[in-house]
Amino acid sequence: MGEVSKLLADYGPAFGQALLLTWKLTVLSFVPGFLLGIAVTVLRLLPLPPLRFVLTVYVEIFRNIPSVALLIFIVFALPDLNVLIDYEPSVILTLTLVCSAFTADYLRAGINTVGGGQVEAALSLGMRPIRVIWSVVLPQALRAVVQPMTSLLIALMLSTSLASQVPFPGRELTALVSKIATDSAAGIPAFAVAAAMYVATGLLIAWAGAALDKKARILR
Amino acid sequence: MSRPLEEALFGAPSPRARAVTRALSALTAGALLLLAAGVVLRFYSAGQLDARYWNFFAWPTTWAFLANGLLGTLKSAAMAAVIALAFGLVLLLGRLARLRLVRWPSIAVIEFLRGTPTLLLIYVCFLVLPQAGIKLSTYWMLTLPISLSTAAVVAEVYRAGVLAVPRGQANAARSLGMTKAQVFFYIVFPQALRYIVPALVAQLVIVVKDTTFGYVVTYGELMQNAKVLIANYHALVPVYLVVALLYCLVNYAISRASKRLGRPMH
């Protein structure tokens with residue numbers, strides 16, 4: 001314990017900043033990733049085969065590519081194609097793309113829980129297909145995917161650790177631990193503090209997700 | 001599920017709607033082709049289509065080197081998967097134990113391993129353990145953290161499976177005079193496994209993805225070997241594209257296998 005308190009005296013503010021940066025990266029990649037995922041899901045429903053094909057390829061690529069490989073491609077290979085993206089936006093872009101692919105995949109499963117009878121009923125009321133998607137299918141699908149989206153958010157929060165792979169101006173938790181471990185012998189306590197922060201954040205998200213799921217779930 | 005939702009939505013279009021759809025399809029196809037052409041042009045104008053960036057892919061040594069990296073990836077992933085399956089069972093047994101002295105620490109270990117990024121655990125094995133005098137080989141510096149964090153996830157997957165087995169099964173087996181251990185290992189766990197095989201296989205995708213951190217500890221897996229190739233030929237874009245494609249193919253195959261395994265269970 002003494003080691004931890006000494007560590008917090010030396011690096012306390014740094015840990016606070018690192019935690020905030022981890023949260024910031026999580027939110028900044030989850031929100032656009034989620035919205036992009038919804039857009040991909042809706043566009044994939046349209047009866048346009050070329051678009052469907054390309055979007056399916058998009059989802060499969062970003063679902064299956066390791067995030068590190070994607071980040072390294074964006075940071076180190078894209079400049080060779082004269083596309084220069086700063087480090088922080090690169091991390092956010094990587095996580096956004098991955099998040100959108102998983103969101104699209106989960107939402108598709110959520111959409112499958114909506115009965116075809118509802119769609120037929122809505123159509124027979126004279127609604128246009130786009131309107132049916134927007135006001136009948138999507139709201140129910142979104143309620144059905146609260147739990148997988150919670151897991152995705154936690155996974156995304158843990159994935160922000162890959163920001164430590166690029167020379168980032170600010171340090172998030174993993175980068176901070178690796179710096180402390182290289183600079184001093186306080187590796188173990190630093191790791192313990194960072195791990196506690198990650199676990200606490202994850203539990204917080206899980207708790208909020210469970211509460212939301214209880215409210216939103218449609219019992220069938 | 002009778003028929004896909006798309007069909008219910010757009011199933012019986014009028015001739016006019018069909019014509020509109022066809023025109024829009026052609027239009028999107030054109031737009032997408034234009035986008036693809038733009039990407040190719042970008043490659044061309046950046047000089048990335050030059051033969052010197054691509055010709056080494058015609059040499060068998062390049063592919064042998066990449067295959068070697070893929071083999072390293074699979075070696076690490078397979079070992080991590082085996083350890084995770086076994087250690088996950090241990091964690092599950094601890095999690096289900098009646099004794100609080102066993103159950104609470106198990107829950108703590110599961111939550112801790114599940115809630116910390118694998119990369120952080122790798123850094124601990126890479127930077128912190130050597131300070132404490134524990135020296136691991138690069139293979140274990142990569143494989144051990146992945147095994148541990150996967151084991152915690154696997155334990156939770158196991159638990160979901162065990163909870164899905166109807167209680168009557170365990171009660172019936174108990175009333176036949178089986179011991180608790182017999183009930184678990186002969187009756188409950190085999191049935192639980194059947195429910196969760198797809199989820200376990202899907203977890204393998206995450207294991208393969210995690211092995212990309214091999215280059216952090218310079219273990220010779222696909223990503224690390226890609227870096228070596230790049231250092232030799234200065235061809236970042238082509239090598240990373242090929243490697244990304246390889247990862248996608250391997251993981252896509254695993255995902256497909258998992259979906260296929262999931263089908264007959266329902």
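Chains as they are written, first to last, in UniProt numbering: chain A, 1 to 220; chain B, 1 to 266.
Ideal placement from N, C-alpha and C gives every residue a C-beta, glycine not left out.
Here the structure is a predicted model, which means the values were calculated and not measured.
Fill in: Near the ligand NAP: alanine 26 of chain B beta-carbon under 8 Å from a heavy atom
Only the bare structure without any ligand can be found here, which leaves the ligand NAP out of the picture.
Practice prompt. Going by CA-CA distance only, name the one from B/Tyr215, B/Val162, B/Lys227 and B/Cys248 that's closest to serine 76 of chain B.
Written response: B/Tyr215
Item to complete: With DSSP collapsed to three states, give me the class of arginine 159 of chain B.
Response: DSSP, read as helix, strand or coil, puts arginine 159 of chain B in helix.
Worksheet item: Do valine 132 of chain A and leucine 122 of chain A come within 9 Å of each other at the CB atom, strictly closer than that value?
Response: In the sequence as displayed, the identity of residue 122 of chain A is alanine instead of leucine. Yes, the Cβ-Cβ distance between alanine 122 of chain A and valine 132 of chain A is below 9 Å.
Worksheet entry | Start-to-end residues for the alpha helix (DSSP H) that takes in threonine 174 of chain A | 173-183
Item to complete: Below 7 Å between beta carbons is the criterion; list the residues of the stretch 246-258 of chain B that meet it against any residue of chain A, in chain order.
Response: Flagged, chain order: Tyr247, Cys248, Asn251, Tyr252 and Ser255.
Practice prompt. Find the residues of chain B that neighbour glycine 202 of chain A, judging by a C-beta separation of less than 7 Å, and give them in chain order.
Written response: Gly115
Worksheet item: Using the C-alpha atoms, what's the distance from alanine 199 of chain B back to leucine 261 of chain B?
Response: Going from the Cα of leucine 261 of chain B to the Cα of alanine 199 of chain B covers about 10 Å.
Worksheet item: By DSSP, does proline 169 of chain A sit in helix, in strand, or in coil?
Response: DSSP places proline 169 of chain A outside both helix and strand once states are collapsed to three, so it counts as coil.
Worksheet item: Would proline 50 of chain A pass as a contact of serine 149 of chain B if the rule is Cβ separation under 9 Å?
Response: no
Discussion item. Quick check on isoleucine 188 of chain A: does DSSP put it in helix, strand or coil?
Written reply: helix
Practice prompt. Could you work out which residues of chain A lie near tyrosine 158 of chain B, taking near to mean beta carbons separated by less than 8 Å?
Written response: The premise fails here: tyrosine 158 of chain B is roughly 17 Å from chain A at the closest Cβ pair, so nothing lies under 8 Å.
Worksheet item: For glycine 30 of chain B, does the count of other Cβ atoms within 10 angstroms reach 16, so buried, or fall short, so exposed?
Response: exposed
Discussion item. Beta carbons nearer than 9 Å to chain D: which residues of the stretch 70-91 of chain A have them?
Written reply: No chain D is present in this structure, whose protein chains are A and B.
Worksheet item: Got a sec? Which residues, its chain only, sit under 7 Å from leucine 19 of chain A by beta carbon, not counting five neighbours each side?
Response: Only Leu173 and Met197 meet the Cβ criterion.
Worksheet entry | Nearest-angstrom Cα separation, counted from alanine 152 of chain B out to alanine 84 of chain B | 8 Å
Item to complete: May I ask which residues mark the beginning and end of the alpha helix (DSSP H) holding aspartate 210 of chain B?
Response: 189-210
Worksheet item: Can you tell me the Cα-Cα spacing of alanine 186 of chain A and tyrosine 106 of chain A, whole angstroms?
Response: Their Cα atoms are separated by approximately 41 Å.
Worksheet item: Are the C-beta of aspartate 210 of chain B and some C-beta of chain A separated by less than 9 Å?
Response: yes
Worksheet item: Using a C-beta to C-beta distance shorter than 7 Å, which residues of chain B count as neighbours of threonine 182 of chain A?
Response: Leu127
Discussion item. Do phenylalanine 168 of chain A and tyrosine 87 of chain A count as a contact pair if the criterion is CB distance below 9 Å?
Written reply: yes
Discussion item. Pop quiz: threonine 73 of chain B and valine 208 of chain B are said to be a contact at Cβ under 8 Å. What is the actual Cβ separation, rounded to whole angstroms?
Written reply: 7 Å
Worksheet entry | Residue-level contact to chain B via CB, leucine 123 of chain A, 9 Å cutoff | Yes, contact with chain B.
Practice prompt. Along the alpha helix (DSSP H) that carries glycine 69 of chain B, what are the first and last residues, could you check?
Written response: 60-96
Practice prompt. Indicate whether serine 178 of chain A and leucine 127 of chain B have their beta-carbon atoms separated by less than 9 Å.
Written response: Yes, they are a contact pair.
Worksheet entry | Under the three-state DSSP convention, the category alanine 132 of chain B falls into | coil
Worksheet item: From the beta carbon of isoleucine 188 of chain A, is the nearest beta carbon of chain B less than 9 Å away?
Response: Yes, isoleucine 188 of chain A lies at the interface with chain B (some Cβ there is under 9 Å from its Cβ).
Practice prompt. From the DSSP output, in three-state form, read off tyrosine 53 of chain B for me.
Written response: helix
Worksheet item: How long is the line joining the alpha carbons of glutamine 147 of chain A and threonine 103 of chain A, rounded to whole angstroms?
Response: Taking the Cα positions, glutamine 147 of chain A is about 12 Å away from threonine 103 of chain A.
Practice prompt. For my contact list, threonine 22 of chain A and methionine 149 of chain A are in at a C-beta cut-off of 8 Å; report their separation, rounded to the angstrom.
Written response: With a Cβ gap of about 19 Å, threonine 22 of chain A and methionine 149 of chain A do not count as contacting.
Worksheet item: Who are the neighbours of alanine 244 of chain B on chain A, taking C-beta pairs under 9 Å?
Response: Ile61, Ile65, Pro66, Ala69, Leu70 and Phe73
Discussion item. For a cutoff of 9 Å on Cβ pairs, would you count alanine 160 of chain A as touching chain B?
Written reply: Sequence inspection shows threonine at residue 160 of chain A; the alanine mentioned does not correspond to that position. Answer yes: the Cβ-Cβ gap between threonine 160 of chain A and chain B drops below 9 Å somewhere.
Practice prompt. Work out the CA separation of alanine 155 of chain A and methionine 265 of chain B for me, nearest whole Å.
Written response: With a pLDDT of 49 at methionine 265 of chain B, under the threshold of 50, the modelled position of that residue is not reliable, and the figure given next carries that caveat. Whole-angstrom Cα-Cα distance: 27 Å.
Practice prompt. Check whether the Cβ atoms of leucine 193 of chain B and serine 258 of chain B sit closer than 9 Å, and answer yes or no.
Written response: no
Practice prompt. Spell out whether any CB of chain A is found under 9 Å from the CB atom of glutamine 203 of chain B.
Written response: no
Worksheet entry | Close beta carbons around glutamate 66 of chain B, own chain, < 8 Å, minus the five adjacent residues each side | As written in the sequence, residue 66 of chain B is leucine, which differs from the glutamate given in the question. For leucine 66 of chain B, where only same-chain residues beyond five positions count, the Cβ hits under 8 Å are Leu222, Asn225, Ala226, Leu229, Val242, Val243 and Leu246.
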